[in-house]
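As numbered in the numbering used here, the sequence shown has no gaps in its residue numbers, which increase by one up to the final residue, 572. Beta carbons are placed, not taken as given, at the ideal position from N, Cα and C, and that holds for glycine. Since the structure is predicted, the reported quantities are computational estimates derived from the model, not experimental observations. Reading through the structure tokens given below for one structure.
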Amino acid sequence: MEQSSEKYFSISRSMVYLAIAIIITTYYKIWLSDVYLLRAVFAPHDDNHFITLASYILNGDWLGRYDQYSQYTLMKGVFYPIWIAMSNIAGIPLLTAQQLLYALACVVFIIAISPDVKHKGWLFVIYLFLLFNPFTIIVDRVFRLGIYPALTILVIASAYGLYARTLSGKGKPFLWSLLLGFSLSAFWHTREEAIWIIPSLLVLLFFTLYGVWVNRGYKLRRIAVLYVTPVILVWFSTLILATLNWQSYGVFTPLEIHSSEFESAYSGLLRIKTNSWRRFYPVVKEARIKAYAVSPAFQELRPYLEGNLGKQWQGHRVDIPAAFFIWAFRDAVQRAGYYNFSQSKNPKTIKQTFEFYERMGGELKKACNSGRLECASLLSPFVPPWHKEFTKLLIPTFYDNLKRLVTFDKFDYKKEGQFSAGWFRTFQLFETVTNEKIEVDRGSIQALRPEFYKKNSEKKKRTIRNIWNNFYRHLVPWFFILFIFLIPARGIYELIKCKVRPATVLGLSALAAILSNMIIVTLIQITSYSEIGRAMSPGYPVLLIFIIAGFMLLSELVGGWRSKKNAISQR
Numbered sequence: 002m003e004q005s006s007e008k009y010f011s012i013s014r015s016m017v018y019l020a021i022a023i024i025i026t027t028y029y030k031i032w033l034s035d036v037y038l039l040r041a042v043f044a045p046h047d048d049n050h051f052i053t054l055a056s057y058i059l060n061g062d063w064l065g066r067y068d069q070y071s072q073y074t075l076m077k078g079v080f081y082p083i084w085i086a087m088s089n090i091a092g093i094p095l096l097t098a099q100q101l102l103y104a105l106a107c108v109v110f111i112i113a114i115s116p117d118v119k120h121k122g123w124l125f126v127i128y129l130f131l132l133f134n135p136f137t138i139i140v141d142r143v144f145r146l147g148i149y150p151a152l153t154i155l156v157i158a159s160a161y162g163l164y165a166r167t168l169s170g171k172g173k174p175f176l177w178s179l180l181l182g183f184s185l186s187a188f189w190h191t192r193e194e195a196i197w198i199i200p201s202l203l204v205l206l207f208f209t210l211y212g213v214w215v216n217r218g219y220k221l222r223r224i225a226v227l228y229v230t231p232v233i234l235v236w237f238s239t240l241i242l243a244t245l246n247w248q249s250y251g252v253f254t255p256l257e258i259h260s261s262e263f264e265s266a267y268s269g270l271l272r273i274k275t276n277s278w279r280r281f282y283p284v285v286k287e288a289r290i291k292a293y294a295v296s297p298a299f300q301e302l303r304p305y306l307e308g309n310l311g312k313q314w315q316g317h318r319v320d321i322p323a324a325f326f327i328w329a330f331r332d333a334v335q336r337a338g339y340y341n342f343s344q345s346k347n348p349k350t351i352k353q354t355f356e357f358y359e360r361m362g363g364e365l366k367k368a369c370n371s372g373r374l375e376c377a378s379l380l381s382p383f384v385p386p387w388h389k390e391f392t393k394l395l396i397p398t399f400y401d402n403l404k405r406l407v408t409f410d411k412f413d414y415k416k417e418g419q420f421s422a423g424w425f426r427t428f429q430l431f432e433t434v435t436n437e438k439i440e441v442d443r444g445s446i447q448a449l450r451p452e453f454y455k456k457n458s459e460k461k462k463r464t465i466r467n468i469w470n471n472f473y474r475h476l477v478p479w480f481f482i483l484f485i486f487l488i489p490a491r492g493i494y495e496l497i498k499c500k501v502r503p504a505t506v507l508g509l510s511a512l513a514a515i516l517s518n519m520i521i522v523t524l525i526q527i528t529s530y531s532e533i534g535r536a537m538s539p540g541y542p543v544l545l546i547f548i549i550a551g552f553m554l555l556s557e558l559v560g561g562w563r564s565k566k567n568a569i570s571q572r
């Protein structure tokens, strides 16, 4: 009895030490990241959009009153504005709340893998490795990348926790199933390209079914319930958002740009073939002229897309680029009198806006089918037609992006010459909603700060640079090269032997996520956008998880080899 009590006390004490170490290092990271003040930037489609929606939520108006519905309202996933509002209600500054969420995700991850780590002290090392992901330290704007890496870890950790507990029969798999459902729901409604996480989840599902097939001792109904529950929760969260939008605006959709009406209109423009073709310019003026001729609905937008609005979006470029065209298109629809924003005296129903998109999409589709327009097929409603020039770029661009990911390249820890941008009203709104101290809007004011503040800032930035340069930038690539061969090879070997290690499954799942993310980023960069830094943000924690899985596997293999060696020597 005494022995078991001592063992219990020992385990409890080690957990207390681990918890204390986690709290101290988390505080240290928050203190370190505090060198970057929040930049309030009046970007209607990014920072200001999320802050505005969060303020509406805090007002109790969902995403805005009926007469405030605009081209911005349902253009992006709504979970981030919800998160901003929740942080405000909790009284936690936004950047701090995001750091705490990331730390929580790291804790969930080490809990998920804890049964597979013999020496529990390594859990703290793993936590540190995941926590100090350099790109999570320097977030200083109201971007979704502030929470997206954390949500990515939560999804992968909870999915792996569900897989491991389901096959081991230990722990509480249903709790992991619920956690997967909630985290995947938040993930799904944060960014629009969330589908990239699916291959990782399919790998875990495959190995679950494989384990059931090999052992044949599991209750299939119980496993089905565990794996269907997250799907139901994601579906239910989508239903809730669509219902809220129906009650507030009369449209039953969680996201406008993924509605069939908008997709038909926008993809109809992308499909139009032209004599002139430019990379990054999917809907050139020639395509628009052709569309005006066959679509009376699109003709309504001509004064705006070919007028001052279009010129503002075009700037000094040859035409409106892909990165801006979708927003220019939506702005033109608003200028044409659709949506309800600034139409409070005689607001059109929001349903008319959807009917406009449906009518335009139908007119373009009819013109394509009849031969009045020469049209191409699309990979996606938002990806331009594939050109032979893209094929030449595919492998080099994929390699460059993977190299950028693995080497943690383009890490701007200095943030020189980057200030807030907007008006007094902008700064007040950001400060009130985020509970953050706002960065100044010009260098002359920044120069007035006390010397001690400047010196401390420089010290913190040097520390951040050392973390990035001395470890992640130079060591991670070598780890990746080692494990990119080891993990797939072991996966094949263990499948043949019908004895798959959990660490191998975790590594293959992370690898699937890395490749999926890189493929989508590569397609976007080839066809639409030249800068893809934000889209790469979830790739870094997945890369770190892949390396963690590699070390777990390597440790198991070395431990097994030593056990065999000792057994032979004792004979």
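Proximal residues to residue i (C-beta, below 8 Å), its chain only, five neighbours per side dropped
{"i": "L132", "result": "T26, T27, K30, Y103, A104 and C107"}
{"i": "G363", "result": "S265"}
{"i": "K171", "result": "P116"}
{"i": "Y293", "result": "F299, Q300 and R303"}
{"i": "L544", "result": "L406, V407, V477, F481, A511 and I515"}
{"i": "M537", "result": "N402, R405, L406, N518 and V522"}
{"i": "I533", "result": "N402, V522, I525 and Q526"}
{"i": "L101", "result": "T27, I31 and I93"}
{"i": "R166", "result": "G172, K173, P174 and W177"}
Simplified DSSP state of residue i, which is helix, strand or coil
{"i": "C369", "result": "helix"}
{"i": "R563", "result": "helix"}
{"i": "C499", "result": "coil"}
{"i": "R450", "result": "coil"}
{"i": "A422", "result": "strand"}
{"i": "V252", "result": "coil"}
{"i": "S458", "result": "helix"}
{"i": "V118", "result": "coil"}
{"i": "Y358", "result": "helix"}
{"i": "Y70", "result": "coil"}
{"i": "Y530", "result": "coil"}
{"i": "K346", "result": "Below a pLDDT of 50, predicted positions are generally treated as unreliable, and K346, at 49, falls in that range; no measurement from the model is reported."}
{"i": "R142", "result": "coil"}
{"i": "S381", "result": "strand"}
{"i": "L1", "result": "It is not possible to answer for residue 1, since the shown part of the chain is limited to 2 through 572."}
{"i": "S5", "result": "Reliability of the predicted coordinates at S5 is poor, the pLDDT of 45 falling under 50, and no value is obtained from them."}
{"i": "L430", "result": "helix"}
{"i": "Y282", "result": "strand"}
{"i": "V319", "result": "coil"}
{"i": "F552", "result": "helix"}
{"i": "L75", "result": "coil"}
{"i": "L39", "result": "strand"}
Other residues of its chain near residue i: CB distance less than 7 Å, five sequence neighbours each side excluded
{"i": "K346", "result": "Confidence at K346 is low in this model, with a pLDDT of 49, below 50, so its placement is unreliable and no value can be given for it."}
{"i": "T275", "result": "V285, E287 and A288"}
{"i": "F355", "result": "V252, S260 and E262"}
{"i": "S186", "result": "L234, V235 and S238"}
{"i": "Y530", "result": "A323 and A324"}
{"i": "S15", "result": "K121"}
{"i": "Y250", "result": "Y67, Y70 and I351"}
Cut-off 6 Å between Cβ atoms - residues of its own chain near residue i, not counting five sequence neighbours on either side
{"i": "Q99", "result": "G147 and I148"}
{"i": "W314", "result": "I321, F325 and A329"}
{"i": "I138", "result": "S34 and I465"}
{"i": "Y541", "result": "N134 and F136"}
{"i": "K438", "result": "L38"}
{"i": "P283", "result": "L271, A323 and P385"}
Alpha helix (DSSP H) segment containing residue i, residue limits
{"i": "M87", "result": "F80 to A91"}
{"i": "N436", "result": "First-last for N436: undefined, no H or E at that position."}
{"i": "V108", "result": "L95 to I114"}
{"i": "D1", "result": "The displayed coordinates of the chain run from 2 to 572. Any statement about residue 1 would go beyond what the structure contains."}
{"i": "G269", "result": "S261 to L271"}
{"i": "D48", "result": "D48 to N60"}
{"i": "I199", "result": "I199 to N216"}
{"i": "K415", "result": "First-last for K415: undefined, no H or E at that position."}
{"i": "N402", "result": "K389 to V407"}
{"i": "Y161", "result": "Y149 to S169"}
{"i": "R303", "result": "R303 to L306"}
Whole-number beta carbon distance between residue j and residue i, since they are thought to touch under 8 Å
{"i": "L302", "j": "A323", "result": "Not quite, the Cβ-Cβ distance comes to about 17 Å (not below 8 Å), so this is no contact."}
{"i": "I85", "j": "A55", "result": "4 Å"}
{"i": "S178", "j": "L245", "result": "25 Å between Cβ atoms; not a contact."}
{"i": "R502", "j": "C376", "result": "That pair is no contact at about 50 Å."}
{"i": "I58", "j": "I83", "result": "6 Å"}
{"i": "I127", "j": "I549", "result": "5 Å"}
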